[in-house]
Amino acid sequence: MSSSDIHIQDHHAHSHDHDHDHEHHELPWIRQYIFSEDHKIIAKQYLISGILWAILGGLFSLIFRIQLGFPNADLSWMKPVLGEWIQNGKLDPEFYLAMVTMHGTIMVFFVLTAGLSGTFSNFLIPLQIGARDMASGFLNMLSFWFFFLSSVVMFTSIFISTGPASGGWVIYPPLSALPQAMSGSGLGMTLWLSSMALFIVSSLLGSLNYITTIINLRTKGMTFDRLPLTIWAFFITAIIGVLSFPVLFSAALLLVFDRSFGTSFFLSEIYIGGEALSNQGGSAILFQHLFWFLGHPEVYIVLLPALGITSEIVATNSRKPIFGYKAMIGSILAIAFLSFIVWAHHMFITGMNPFLGSIFMFLTLIIAVPSAVKAFNYIATLWKGNIVFTPAMLFSIGLVSFFISGGLTGIILGNSAIDIQLHDTYFVVAHFHIVMGSASFFGMLAGVYHWFPKMFGRMMDERLGYIHFWLTFIGVYVVFFPMHYIGIAGFPRRYYSWTGFDAFNSFADLNQLISIAAILVFISQFIFIFNFFYSIFKGRVSSMNPWRSTTLEWTTPVNPGHGNWPGDIPHVYRWPYDYSKPGHNEDFIPQNVPFSQTPHSNFPHEKDSQE
Amino acid sequence: MTTIYIIAAIVLIVAILVVIFRLQVLSAVLKGRYEKRVGIGNDINALLFVIVFVVGVGAFYYSYQAASEFFLPESASVHGVKTDQLFWVTMSILVAAFLVTNALLYVFPFLYKYKEERKAYFYPDNHKLEMIWTIIPAVVMAGLVVFGYKEWTEITSPAPKDAEVIEIMGKQFAWQVRYPGKDNVLGNYNYRNIDAVNEFGIDMNDSASYDDFIPRELHIPKGKDVLLNIRARDVIHSVFLPHFRVKMDAVPGMPTHFWFRPTKSTADMREETGNPKFNYELACTEVCGRGHYAMRFVVVVDEPADYEKWKASQETFASLNRDYAAEKAPKLVGLLPAKKVEVTATADSTAAAPVDTTAVPASH
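Residue numbers (the working numbering), protein chains in the order written: chain A, 949 to 1559; chain B, 11 to 374.
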């Protein structure tokens, strides 16, 4: 139905669209900016919520980093904010775990899933495929407001007296199922589960919309082999989300049953708080299977959009076509497929059948191949380029560096025999913070710097961008690189303090260094936040296509209204990476330029198809 | 008052920074920087990539030298030596890949920074090249999988029949261990039997329970296979023996296992590390609540003879809790005096320490 709408708009040319625009100007303020159905506004809503969550998630990490770096410090100065969670100048160990849990939950779901996919899928899909909006603007709006509701519930849980959920972001039962086990497993966990249920609804509404839009609303000529890699990445990400989030929902639902209705899906033979519970026959491992069936694809849900964004930015700013466009698509597909059949590598030593462990080790190491292809393709794109270092480009190169460094250590962890020693140590923390956390975060920042002119019609200050990049880039390595050392030495994760063990008594200085670096990285993010909000209002006014890019979003006006193009939607005649094509006088040819207008640069097979 | 000063100082600093920022924007506008496609910033960034790479590799080298003394603590099990080897072989391949790819990643930006007169090389693909860098990682991965698979199947194969069986149970927030005693059979347990006395939920109606003992340290014999029967009674814990490269979750309702062969006694390690206070330790690596970080349990590796002596010196659970056993299993209580006498006799004859002081390592 939606695609036929577009056809009508195509045929009716200008007059219709003026009506269309006019109609939207009359929308009340609240429908235009709050309950908006315009994908661009929804994207900005996601982005700003994501930024706010990122500040909070970062702040939480500082609280536990201070504890780890300075275990003997007097923390009474935090008492005005943390209140009862500070006793005699010491952080409460359960609150420490609560901070670890909330940091993980917020960063994985609220920042890197909603903040990244929500922002850029929403913003770029219609603009880059040549559509006036998402297939269903209403569902899109609903998706954001479910996310908002989920945010409110999660935010509330931070303030309750028993504390927020604190069993780790993976919420393994029985710890998360039994309020007797820790205070965060009471109301805090109930709120966590409610919030995640809402979040999953939001994510599904969003993903279904992205998929439908990409399949149905591409403009004339925008075949799948002419889609920018961003769109390919968002498309596949959405499919992964649709297939995996419901499994997390089922896990959460069963956990709710176990917690509140006396079922025994995950509970069996438990004696706690002086009594033997009646639950029998459940399996705690079942939850882990269900959780990681989402949990592992989730890694790619946050990473693939970042890689898509990077592909686009690296090509644009190297002034070269992305190397191996088809291989890039192929590797996205391969990664997406494999992401569903590697989940149990998180569970090698859970007591799962060791034969399964062997299978999952084999499948896990296969995923290194398409990942390696992607990394090599990025490097080959830089080779003999004509590189312009915009802040977005810097963050993209940073992403590739993290993707390689963090990806490599995955080969160690994916090997079940070696994983015995390293599982749940800081080596794992280092690995996923680099490859999934920092890489995706850099993808998000790169995307903001790159598409800011399209979002707000103004430019961000590039020098502040440079300073922000170098501080963050070096800082991230200083924070996470030494964690490998600590992990190889055997330090377990989620420890409030290591001093009780002879085996983990070294590295106090290194932990201090990490904490100081983490604080500095956090502070340097405010350079970005200042730059972002300042530039929205006072930045230099952008030109239509400031990065001289080929994709369709840069053919819209500087400040596109609802409907994106005031006139007809442009048609597409070529792939999105005609940069520095030999024979052409400019170093880029936009997708909407027909071959008939570029006779000197056409390859023999490049002809406009009959219309 | 100090708070106000601090806030005022922060506000002032931020204000100064904003002014500096405004000035640099204005000066850039006046100098016409924004009219050019790239400014001096392009060269600086290009150069910084190379500098950061060189300094970074230097820092990597230096920090590695400084930190490596703590890496993978001396391995004290048979399989640990092999997995360590696998780790270092894999790691050296990875470091090589890391250095090569990152070198290219940082040098290319420097070499190919924007020049007005140059045009980038239109190079959309090269199938041969792509085949090469698909196949090489695939072959390397295949090799690593084969070695990993071999190790993994060996480690996880069924334990040898004559292995020493020891039960480890995790609870919030401590470990407890149970030995089968003379009959080499662990008595049955049921979580419903658990109470303040009977932490394991031992079934006192099972005659195999009567010689089980529950010491305060985990003793294992050097050079013999040890099978750990692992379980938890409240939430998931995880048995981590860092020096033995042993890790296995302890799951309520689902017993797990891990077997290994320790190769160095506590005394050997004390000599080797030059630390007379060295002790093997058992830690928890699955978050289990407030005391997760404090689940330390001392592990002692004895020479086999010392180990047997130590075992013989332990008093059984049943004899330590005679009344409890009598109450729970009146029918089987006949077993008790016999055991009791036997155990006391052994303890006397070897003049071993009474149960309470077994915390002193018995390896001397």
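Here a beta-carbon is modelled for each residue, glycine too, at the ideal position from N, C-alpha and C.
Per-residue burial, residue i [other beta carbons within 10 Å of its own, 16 or more giving buried]
| i | result |
| --- | --- |
| Q1228 (chain A) | exposed |
| H1244 (chain A) | buried |
| I26 (chain B) | exposed |
| K1402 (chain A) | buried |
| S1133 (chain A) | buried |
| T326 (chain B) | buried |
| G1358 (chain A) | buried |
| Y44 (chain B) | exposed |
| F1303 (chain A) | exposed |
| Q34 (chain B) | exposed |
| R1267 (chain A) | buried |
| D358 (chain B) | Confidence at D358 (chain B) is low in this model, with a pLDDT of 40, below 50, so its placement is unreliable and no value can be given for it. |
| N285 (chain B) | exposed |
8 Å Cβ cut-off: residues of chain B touching residue i
| i | result |
| --- | --- |
| D1022 (chain A) | Here the premise fails: no neighbours, minimum Cβ distance about 15 Å. |
| P1122 (chain A) | D244, V245, I246 and P262 |
| Y1374 (chain A) | The contacting residues do not exist; Y1374 (chain A) stays about 11 Å from chain B at best. |
| A1232 (chain A) | I246, V261, P262, G263 and M264 |
Pick from the options that is closest to residue i, judged by C-alpha positions
| i | options | result |
| --- | --- | --- |
| S1349 (chain A) | B:S78, B:F118 and B:I14 | B:F118 |
| D1556 (chain A) | A:E1534, A:Y1521, A:N1540 and A:S1549 | A:Y1521 |
| D193 (chain B) | B:I246, B:D172 and B:E296 | B:D172 |
| L1016 (chain A) | A:L1500, A:Y1482 and A:S1445 | A:S1445 |
| A1316 (chain A) | A:G1078, A:G1362 and A:L1347 | A:G1362 |
| E1410 (chain A) | B:T13, B:R47 and B:I23 | B:R47 |
| Y1158 (chain A) | A:Q1236, A:P1176 and A:F1182 | A:F1182 |
| F1476 (chain A) | B:F31, B:A152, B:V105 and B:I17 | B:F31 |
| L1072 (chain A) | A:K988, A:S1150 and A:A1083 | A:K988 |
| D235 (chain B) | B:A19, B:H247 and B:E313 | B:E313 |
| Y116 (chain B) | A:F1095, A:A1224, A:F1337 and A:D986 | A:F1337 |
Presumed contact (8 Å Cβ cut-off) between residue i and residue j, rounded CB distance
| i | j | result |
| --- | --- | --- |
| I1148 (chain A) | L1196 (chain A) | 6 Å |
| F1375 (chain A) | I1436 (chain A) | 6 Å |
| L1251 (chain A) | S1065 (chain A) | With a Cβ gap of about 11 Å, L1251 (chain A) and S1065 (chain A) do not count as contacting. |
| I1327 (chain A) | L114 (chain B) | 5 Å |
| L1123 (chain A) | V149 (chain B) | In fact, because the Cβ distance is near 42 Å, the residues do not count as touching under 8 Å. |
Residue i - DSSP class collapsed to helix/strand/coil
| i | result |
| --- | --- |
| S248 (chain B) | strand |
| K349 (chain B) | Only weak support exists for where K349 (chain B) lies, its pLDDT of 43 falling under 50; the coordinates are left without a value. |
| D312 (chain B) | strand |
| A1199 (chain A) | helix |
| D969 (chain A) | Its pLDDT being 46, under 50, D969 (chain A) is placed unreliably by the model, and the measurement read from it follows with that caveat. D969 (chain A) falls in the helix class under three-state DSSP. |
| G1221 (chain A) | coil |
| H229 (chain B) | strand |
| Q1035 (chain A) | strand |
| M279 (chain B) | helix |
| V365 (chain B) | Low confidence applies to V365 (chain B): its pLDDT is 39, below 50, so where it sits in the model is not reliable enough to give any reading. |
| Y1444 (chain A) | coil |
| Y290 (chain B) | strand |
| T1373 (chain A) | strand |
| W1495 (chain A) | coil |
| M258 (chain B) | strand |
| I3 (chain B) | With chain B covering 11 to 374 only, the question about residue 3 (chain B) has no answer from this structure. |
| E84 (chain B) | coil |
| V1541 (chain A) | coil |
| E177 (chain B) | strand |
| Y116 (chain B) | helix |
Within chain A, the residues that residue i reaches when beta carbons sit closer than 7 Å
| i | result |
| --- | --- |
| Q34 (chain B) | R1411 |
| R300 (chain B) | P1041, E1042 and M1130 |
| V48 (chain B) | V1336 |
Amino acids of chain A, ordered along the chain, whose beta-carbon sits closer than 8 Å to that of residue i
| i | result |
| --- | --- |
| F81 (chain B) | Y1433, I1436 and A1437 |
| D259 (chain B) | I1297, T1298 and G1299 |
| K125 (chain B) | N1334 |
| Y334 (chain B) | By Cβ distance, chain A contributes nothing, its closest Cβ being about 17 Å from Y334 (chain B), past 8 Å. |
| H135 (chain B) | Note that residue 135 (chain B) is Asp in the sequence shown here, rather than His. Per Cβ cutoff of 8 Å: F1271, G1272, Y1273, K1274 and A1275. |
Chain B contact residues for residue i, given Cβ-Cβ distances below 7 Å
| i | result |
| --- | --- |
| R1267 (chain A) | A130 |
| P1530 (chain A) | F132 |
| D1081 (chain A) | The contacting residues do not exist; D1081 (chain A) stays about 32 Å from chain B at best. |
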